[in-house]
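Trainee: Mind having a look at this structure? Questions to follow.
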Amino acid sequence: MPLFPKCPACKIGEVNNIKVGWFIFKKEKLLCNYCKAEFIPQDSLYPRYLLTNSDSKYNDEILTKAEWDFIANNGISNLEYVKKYNKLPILILKNANIILQKGEKSHLHDSARLYELRVETKYKTKSSGRIDAHKGGLFTNPYQSIDVHSESLPEISTGLKPVASGQLIMTNKRLVFTGEYVSRTIDLKDIVGIELHAIGFEVVSIKLARNLVFQVPDAEKWAEYIKVGVRR
Ligand SMILES: [Zn+2]
Numbered sequence: 330m331p332l333f334p335k336c337p338a339c340k341i342g343e344v345n346n347i348k349v350g351w352f353i354f355k356k357e358k359l360l361c362n363y364c365k366a367e368f369i370p371q372d373s374l375y376p377r378y379l380l381t382n383s384d385s386k387y388n389d390e391i392l393t394k395a396e397w398d399f400i401a402n403n404g405i406s407n408l409e410y411v412k413k414y415n416k417l418p419i420l421i422l423k424n425a426n427i428i429l430q431k432g433e434k435s436h437l438h439d440s441a442r443l444y445e446l447r448v449e450t451k452y453k454t455k456s457s458g459r460i461d462a463h464k465g466g467l468f469t470n471p472y473q474s475i476d477v478h479s480e481s482l483p484e485i486s487t488g489l490k491p492v493a494s495g496q497l498i499m500t501n502k503r504l505v506f507t508g509e510y511v512s513r514t515i516d517l518k519d520i521v522g523i524e525l526h527a528i529g530f531e532v533v534s535i536k537l538a539r540n541l542v543f544q545v546p547d548a549e550k551w552a553e554y555i556k557v558g559v560r561r
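Those letters in the sequence shown? Residues 330 to 561, by the numbering used here.
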């Protein structure tokens, strides 16, 4: 059975799992039999595929199977829909570990890693003494280059403290993170800021002492959805 009965890129061909190469070099590929567009599966809670080798406007996009199906039928991606209509598509949750309240609808769900922003922490370096972490900023402090050790560390280790891995769910009321030992619930009405960062997005809530940063497969989408959800 083809993955897409109609190719989302050219809307003519069929996308099938075919074997390419020879002998031990044989590999499976999801290719369109007309335009040769390729779909590469990505690791995620919901099946997602990267489109490559195409001149479609969605080339280099990673979207869910449901979104590709919609695009194949002349639809648009969920993010485009949200930006265009200022409305959030409803997501039917699967394998989610939360109980929705009465009247609560889910919009996004994916695997996520939670970090806390080290806002007020001071850092010591070997040669230059104290360096203040920039409030709210994740960029590397230029003075840190003095310290050979911290120079080799990614910005995560200086600005962010990893807390837990788990799942993140956005509903029309809440943002819920559930990890093995840690969970966080943020009411949308308390959110006063959303910002994109190199590793994900940052949430500022009037109820939280520290800003939270979530690493998700598609941070831009999450930020856009939350902005729309908060405005409603
Ligand atoms: Zn095609």
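Glycine residues also receive a C-beta, built at the ideal position from the N, C-alpha and C atoms.
Give a yes or no on whether the C-beta atoms belonging to L360 and F354 are separated by under 9 Å.
Mentor: No; because the gap between Cβ atoms is not below 9 Å, this pair is not in contact.
Trainee: Pick out every residue whose C-beta is nearer than 5 Å to a heavy atom of ligand 1: which are they, in chain order?
Mentor: Qualifying residues, in the order they occur: C336, A338, C339, G342, C361, Y363, C364, A366.
Trainee: Report the three-state DSSP secondary structure of N346 (helix, strand or coil).
Mentor: N346: strand per DSSP, three-state reduction.
Trainee: For K386, which option in C339, L541, Y410 has the closest C-alpha, if you only look at C-alpha atoms?
Mentor: When only C-alpha atoms are compared, the closest one is C339.
Trainee: For the alpha helix (DSSP H) that A401 lies in, which residues bound it at each end?
Mentor: Looking at the DSSP string, the run of the alpha helix (DSSP H) that includes A401 is 394 to 401.
Trainee: Taking the beta strand (DSSP E) that A552 belongs to, which residues open and close that run?
Mentor: No beta strand (DSSP E) contains A552, which is instead part of the alpha helix (DSSP H) from 548 to 560.
Trainee: From which residue to which residue does the alpha helix (DSSP H) around E390 run?
Mentor: Where E390 is concerned, there is no enclosing alpha helix (DSSP H), given that its DSSP letter is neither H nor E.
Trainee: Quick check on the DSSP output: what are the complete beta strand (DSSP E) runs of length 3 or more inside the segment 352 to 394, in order along the chain?
Mentor: Correct list: 356 to 361, 367 to 371, 377 to 381, 391 to 393.
Trainee: Measure how close the beta-carbons of N426 and Q496 come, nearest whole angstrom, since I'm counting them as under 8 Å.
Mentor: Sure, about 7 Å apart at Cβ, within 8 Å.
Trainee: Could you give the DSSP three-state label for G488: helix, strand or coil?
Mentor: Note: G488 maps to helix in three-state DSSP.
Trainee: Grouping DSSP H, G and I as helix and E and B as strand, with all else coil, what is I475?
Mentor: The predicted model places I475 with a pLDDT of 35, which falls under 50 and marks its position as unreliable; any figure quoted below should be read in that light. In the structure shown, I475 sits in a helix (DSSP, three-state: H, G or I).
Trainee: I'd like to check one pair, F543 with Y414: are the Cβ atoms closer than 9 Å?
Mentor: In this structure, F543 does not lie closer than 9 Å to Y414 by Cβ.
Trainee: Measure the beta-carbon distance from F506 to A441 and round it to whole angstroms, keeping in mind my assumption that it falls under 8 Å.
Mentor: That pair is a contact at about 6 Å.
Trainee: Relative to the C-alpha of G558, which residue among K412, K431, I428 is closest?
Mentor: Nearest C-alpha to G558: K412.
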